[in-house]
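Add 13 to a position in the sequence shown, counting from 1, and you land on the number used in our numbering. Each residue gets a CB set at the ideal place from its N, CA and C atoms; glycine is no exception.
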Amino acid sequence: MATVTSTATEVAAQLEARAAAALPAATAVVRHHAMLLETAIKAAASGRPGPEARTGDYRRSWTSEVRTSAAGVEAVIGSNKPQANRLEYGFVGADSLGRVYHQPPFPHVGPAVDRIAPLFVAALARIADGGDAR
């Protein structure tokens with residue numbers, strides 16, 4: 014006669030405990046890296062080789078918001094200024110008022126994302142491995 018046993022209840026309990034700890038840890042990681050990204054964008058939007066910072070109004074317009082839902086955690090980092098896309102990507106041609114521009118791009122968002130993304134992915138991987146996100 015053979016006896017088969019299962020540790021399914023123990024495994025389920027361990028998975029539930031890790032799941033309960035994962036959301037707060039992920040929220041902290043997302044919040045921290047959103048702040049890092051916002052700061053990096055603001056720093057890159059503060060003069061050459063990026064956009065000129067005459068008043069600081071554009072730089073101050075960058076904000077971040079972290080949202081938690083049943084689907085997970087997300088951060089939205091953005092600017093409410095209309096010149097954000099023009100500064101990042103440049104603009105050549107006439108605008109809606111007929112003014113002609115030859116504005117070169119001053120990438121400040123893309124390079125900031127490129128710097129912060131690997132740090133963010135590594136921190137999430139540490140959570141997934143069951144370790145400390147720091």
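Could you name the residues of the same chain whose beta carbon sits closer than 6 Å to that of residue i, not counting the 5 residues immediately before and after it, in chain order?
i, result
"residue 122", "54, 101"
Nearest to residue i by alpha carbon, out of the options?
i, options, result
"residue 114", "128, 95, 126, 99", "99"
"residue 97", "87, 76, 130, 106", "76"
"residue 132", "37, 86, 74, 48", "48"
"residue 42", "91, 87, 125", "87"
"residue 94", "20, 69, 135", "69"
"residue 91", "25, 106, 52", "52"
"residue 143", "28, 89, 84, 71", "28"
Can you tell me whether DSSP reads residue i as helix, strand or coil?
i, result
"residue 123", "helix"
"residue 27", "helix"
"residue 80", "strand"
"residue 88", "strand"
"residue 56", "helix"
"residue 38", "helix"
"residue 141", "helix"
"residue 32", "helix"
"residue 15", "coil"
Would you please state the rounded distance, in angstroms, between the beta carbons of residue i and residue j? I believe it to be under 8 Å.
i, j, result
"residue 79", "residue 44", "5 Å"
"residue 140", "residue 32", "So it is not a contact: roughly 11 Å between Cβ atoms."
"residue 124", "residue 103", "With 8 Å as the limit, residue 124 and residue 103 do not qualify as a contact, their Cβ atoms being about 15 Å apart."
Enumerate in chain order the residues of its own chain whose CB-to-CB distance from residue i is below 8 Å, with the five nearest sequence positions on each side excluded.
i, result
"residue 16", "none"
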